[in-house]
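Peer 1: Have a look at this one.
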Amino acid sequence: MPIPKAELHLHIEGTLEPELAFELAARNGVVLPYADTDALREAYRFEDLQSFLNLYYELMAVLRTEQDFADLADAYLARAAAQGVRHAEIFFDPQAHLARGVDMGTVVEGLWRALGTGEARHGVSTRLILCFLRDESAESALQTLDAAKPYLDRITGIGLDSAEVGHPPAKFREVYEAAAALGLRRVAHAGEEGPPQYITEALDVLGVERVDHGLRCMEDPALVERLVRERIPLTLCPLSNVRLRTVDTLADHPLPAMLDAGLLCTVNSDDPAYFGGYAGDNFDAVGTTLGLSEDRLRELARNSFTASFLEDDEERRARCLAEVDAYVF
Ligand code: ADE
Ligand code: ZN
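Structure follows, in structure tokens:
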């Protein structure tokens, strides 16, 4: 049994495996421009974030009904559970669906059909985080938050994703303020491809409680010191970094140096169907390739629960942490 862990950086649309993509395409009468699943897998060679995003948005065409979103989420929960995930905080990208005529209710209620019973059926508790696409306008983000208002009992927080460079966090100040006033938790992708200043801006202007990726903080020692002092969690995604060429090889990943610096790092999968691995695969890969000790792996598993938004269920957090402490490698 793999070590118990929480997954805090997971785009549900990025869990769409080729087999399910073709099944949903057939169900919905959508023609994909790939002959079969092998041909589609061949397209999984990315130069950078944008080349991945192009395929990620293209394949979303197969997601049309509540049942499609339920099937997507259920498939993720089954795979995550098998890899030791006990709690998952799940991103979704409503603007990418609204633009295709799929409304907020279809997405949220569809996901909820699977997530609402995820703990009972798979032993995985979940929270939903609505992400704004940073390459869309600030106005569009505000409209999206408005469209989400009837579903806030299902949504724990907001995030910011998509093409980072040229879209600094400050563009979204207003929608983050509005979300905070609604009681939503705040995270944002920053420092994946964008510069360390975007991390600082996400903290200072958007008031984020966690930074997604945050890898490039290592270029700014004063920022590292601040992140350590303020105990800001970073949701790292090592296999994603390799596939999107943020690092040259996994052996070059700065995770060991980040842990040595005292940063509160977590290990996550980002878009596992595209990047070659789910949460447990990421743990295994960093354990093996970066030679992390059992103590370090236990620290990463502990961090995942410490950094999670389980303030509304401290009993579960404590139970999961106790399971991590009792785990025998
Ligand atoms: N959307 C899905 N995956 C993403 C990533 N790794 N970075 C930014 N936006 C994303
Ligand atoms: Zn991401």
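Sequential numbering from 1 applies to the sequence shown in the UniProt record's numbering. Even glycine gets a Cβ: it sits at the ideal position worked out from N, Cα and C.
Provide the residue(s) that pair with Phe-132 in DSSP beta bridges, ordered along the chain.
Peer 2: Answer is Leu-160.
Peer 1: Is Ser-162 near the ligand ADE - that is, is its Cβ less than 6 Å away from at least one heavy atom of it?
Peer 2: Ser-162: yes, Cβ under 6 Å from the ligand ADE.
Peer 1: Look at the alpha carbon of Glu-230 and the alpha carbon of Leu-8, and state the distance between them as a whole number of angstroms.
Peer 2: Taking the straight line from one Cα to the other gives about 19 Å.
Peer 1: Who are Leu-236's beta bridge partners in DSSP?
Peer 2: Per DSSP, Val-267.
Peer 1: In chain order, which alpha helix (DSSP H) runs of at least 4 residues are fully inside the segment 240-316?
Peer 2: Listed in chain order, they are 255-260, 272-275, 279-289, 294-306.
Peer 1: Spell out the partners DSSP gives Arg-127 in its beta bridges.
Peer 2: Answer is Glu-89, bridged to Arg-127.
Peer 1: What does the Cβ neighbour count give for residue 378, buried or exposed, with the cut at 16 atoms within 10 Å?
Peer 2: In the structure as shown, the chain starts at 1 and stops at 329, and residue 378 therefore has no counterpart that could be examined.
Peer 1: Tell me which residues share the same chain as Glu-19 and place their Cβ nearer than 7 Å to its Cβ, disregarding the 5 neighbours each side in the sequence.
Peer 2: If we look at Glu-19 and ignore the five residues flanking it on each side, its Cβ neighbours are Thr-37.
Peer 1: I want to check one thing, is the minimum distance from the CB of His-11 to the heavy atoms of the ligand ADP below 6 Å?
Peer 2: With respect to the ligand ADP, the structure offers nothing, as its ligand set consists of the ligand ADE and the ligand ZN.
Peer 1: Nearest CA to the CA of Phe-305: which residue from Val-267, Gly-166, Lys-149, Asn-282?
Peer 2: Nearest C-alpha to Phe-305: Val-267.
Peer 1: For Val-211, which beta-bridge partners are listed by DSSP?
Peer 2: Partner(s): Ala-188, Leu-234.
Peer 1: On a Cα-Cα basis, can you pick out the residue from Leu-244, Cys-217, Arg-113 that is closest to Cys-265?
Peer 2: Comparing Cα positions, the closest option is Cys-217.
Peer 1: State the start and end residues of the unbroken alpha helix (DSSP H) segment that holds Glu-174.
Peer 2: 173-181 is the extent of the alpha helix (DSSP H) around Glu-174.
Peer 1: Answer yes or no: the CB of Asp-270 versus the heavy atoms of the ligand ZN, is any distance below 6 Å?
Peer 2: Checking every heavy atom of the ligand ZN against the Cβ of Asp-270, one is found closer than 6 Å.
Peer 1: Does DSSP put Glu-23 in a helix, in a strand, or in coil?
Peer 2: Helix at Glu-23.
Peer 1: Using the Cα positions of Leu-297 and Phe-283, report the straight-line distance between them to the nearest angstrom.
Peer 2: Taking the straight line joining both Cα atoms gives about 7 Å.
Peer 1: Within 8 Å, do at least three Cβ pairs link the segment 38-49 to the segment 113-120?
Peer 2: Contact fails: fewer than three Cβ-Cβ distances are below 8 Å.
Peer 1: Can you tell me whether Glu-201 is buried or exposed, with buried defined as 16 or more other CB within 10 angstroms of its CB?
Peer 2: Under this definition Glu-201 is a buried residue.
Peer 1: To which residues of the same chain is Pro-272 closer than 7 Å at the C-beta, ignoring the five residues directly before and after it?
Peer 2: Once the five neighbours on either side are set aside, the close Cβ partners of Pro-272 are Gly-14, Thr-15, Tyr-278.
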